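So the structure is just underneath, and the comments pick up after that.
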Amino acid sequence: MVGSRFVDELVTRASGVQVTVMGAEEYEPYNRVLLSDVVAGKTDVASLTLPSPAPAAWPAADGQSSVDVRLGCAAVGIDRSARTVTGSDGRVVPYDVLVLATGARARLPQVPGLDDESGLPSGVHALRTLDDAREIVAATVNAPRAVVLGGGVLGLEAACGLARRGLRVTVVHRGPHLMDRQLDAAAAEAVVHGLAHLGVEHRVGAVTERVVVRERAVRGVRLADGELLDAELLVLTTGTVQEVEVAAAAGIEVRRGVVVDVHGVTSDPAIMAIGDCAEPPEGATGLIAQGWDQARRLARRLADGWATVEDASGIPGSRAPAPVADAPQHGGDVVRVKAWGLEVVALGVCGPAGGREPGRRTVRLSDPDVGRHIEVVVRDGVVVGATCVGAGGVGADLVTAYTRRTPAPTDPAHLLVRAARGAAEVADEPSPT
Numbered sequence: 004m005v006g007s008r009f010v011d012e013l014v015t016r017a018s019g020v021q022v023t024v025m026g027a028e029e030y031e032p033y034n035r036v037l038l039s040d041v042v043a044g045k046t047d048v049a050s051l052t053l054p055s056p057a058p059a060a061w062p063a064a065d066g067q068s069s070v071d072v073r074l075g076c077a078a079v080g081i082d083r084s085a086r087t088v089t090g091s092d093g094r095v096v097p098y099d100v101l102v103l104a105t106g107a108r109a110r111l112p113q114v115p116g117l118d119d120e121s122g123l124p125s126g127v128h129a130l131r132t133l134d135d136a137r138e139i140v141a142a143t144v145n146a147p148r149a150v151v152l153g154g155g156v157l158g159l160e161a162a163c164g165l166a167r168r169g170l171r172v173t174v175v176h177r178g179p180h181l182m183d184r185q186l187d188a189a190a191a192e193a194v195v196h197g198l199a200h201l202g203v204e205h206r207v208g209a210v211t212e213r214v215v216v217r218e219r220a221v222r223g224v225r226l227a228d229g230e231l232l233d234a235e236l237l238v239l240t241t242g243t244v245q246e247v248e249v250a251a252a253a254g255i256e257v258r259r260g261v262v263v264d265v266h267g268v269t270s271d272p273a274i275m276a277i278g279d280c281a282e283p284p285e286g287a288t289g290l291i292a293q294g295w296d297q298a299r300r301l302a303r304r305l306a307d308g309w310a311t312v313e314d315a316s317g318i319p320g321s322r323a324p325a326p327v328a329d330a331p332q333h334g335g336d337v338v339r340v341k342a343w344g345l346e347v348v349a350l351g352v353c354g355p356a357g358g359r360e361p362g363r364r365t366v367r368l369s370d371p372d373v374g375r376h377i378e379v380v381v382r383d384g385v386v387v388g389a390t391c392v393g394a395g396g397v398g399a400d401l402v403t404a405y406t407r408r409t410p411a412p413t414d415p416a417h418l419l420v421r422a423a424r425g426a427a428e429v430a431d432e433p434s435p436t
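Residues are numbered in the working numbering as their position in the sequence shown, beginning at 1, plus a constant of 3.
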């Protein structure tokens, strides 16, 4: 996704650029954010395809840019001295500037039952790629019961989607409450109500002792307290691992992600990294907004000018982009759950990150019995944080106020008026069908 956005931004801004894109998957770039909608049956696979600046091979006319897209071809090696990248198809591609957008892969929990070297048991799936989503949908045909391991954003979206298909779903989460990285306990209670409205059960503070497997197929999940959750489908949403292996093998500085400066430049000035694989100074959020912002800023930097520098490999006269002052875009930390029957927004200083600080004013409206919780944090006359569960219209308004930094009312409680007026509608809303 981020790599595709970068190429689109670059060829829009620059002329005479020759771009080679290597992609490990066989598919055209697609919107990974909507994979849970595929699981839910809300959208089809064709709707996920992202706008592309070019077909797979786009020859350049005089002064125009060219894009060569190689699908099913992962980058497997970088020679920094020769400035080449080797693809999984064996071909070697030269570069002046290399942009890593290798993303992240699903983190698989280390528990008995998932430790077979031959692969995951039948009925066990991560949710990270288009193939994953297709396999989950196929598995729902013969799976009346499902367990979703992980109660974060993706886990809740997957659970709601499976419930929409008629499965009996239980979310198992190790943390003290659902979405504990983004929500406080009060907001999580409103989420619990929303899930219960869909027939989704949950277990929090729950440690998975074993995945029960018989004849190479999942049959359930046993928790450390002894409870056995029967299931024919297990969906793993337990986080991601940044894809840094090819960068590390080339001697580029890597911690959890590929270390970059504010411009996206790695320890080698001719190599940049953006998206989920990157570790910028402000930290990696894993949110698509951060990756798109990085793509925009890097494309602008490349298009706006070049400077002759000596890179880390000692090659003088190499081409590298000149620095352009361009700060990260405000609002890249907005977290959304927009699933069937459940809407959550968390942004800025809210939930566990909120705390108390002089100058901040917090107003809230909380009614977990109807699945509604809104909290707004204001400082210096603007919204600096908010949590919104079960009030989609209010959430959209707060996102707009936050990202545009529009002045907040003198009395921030006015930001909750729309939610209060809609209370009766929320309470009387029928079960989703």
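Cβ coordinates follow ideal geometry from the N, Cα and C atoms, glycine included. All values reported here derive from a predicted model rather than from experimental measurement.
For histidine 196, the uninterrupted alpha helix (DSSP H) segment begins and ends at 188-200.
Non-local C-beta neighbours of glycine 155 in its own chain, meaning closer than 7 Å and more than five positions away in sequence, comprise Met182, Arg184, Thr240, ordered along the chain. DSSP, reduced to helix, strand and coil, places valine 348 within a strand of the structure shown. Within the same chain, Pro371, Gly374 come within 6 Å of histidine 196 by CB-CB distance, once the 5 residues on both sides are set aside.
Around valine 203, the same chain offers Ala162, Ala166, Val172 as residues with beta carbons nearer than 6 Å, after the five sequence neighbours per side are excluded. In the three-state reduction of the DSSP assignment, aspartate 400 falls in the helix class. Contact annotation: valine 5 and alanine 298 have beta-carbon atoms nearer than 8 Å. For the pair methionine 25 and alanine 107, the CB atoms are not nearer than the 8 Å cut-off. Alanine 394 counts as buried, since at least 16 other C-beta atoms from the protein chains shown sit within 10 angstroms of its C-beta.
Proximity to arginine 363 across Asp383, Ile277, Ile377, Gly351 peaks at Asp383, based on C-alpha coordinates.
Secondary structure at proline 97: strand, using DSSP grouped into helix, strand and coil.
DSSP places serine 39 in the uninterrupted alpha helix (DSSP H) bounded by 38-43. Residue pairing by DSSP places serine 369 opposite His376 in a beta bridge.
Counting C-beta pairs closer than 8 Å gives fewer than three between the stretch 114-122 and the stretch 139-147, which falls short of the contact rule. A distance below 8 Å separates the beta carbons of proline 410 and valine 385. With contacts defined by Cβ atoms closer than 8 Å, valine 224 and threonine 211 form a contacting pair.
A straight line joining the alpha-carbon of glutamine 293 with that of isoleucine 81 spans about 26 Å.
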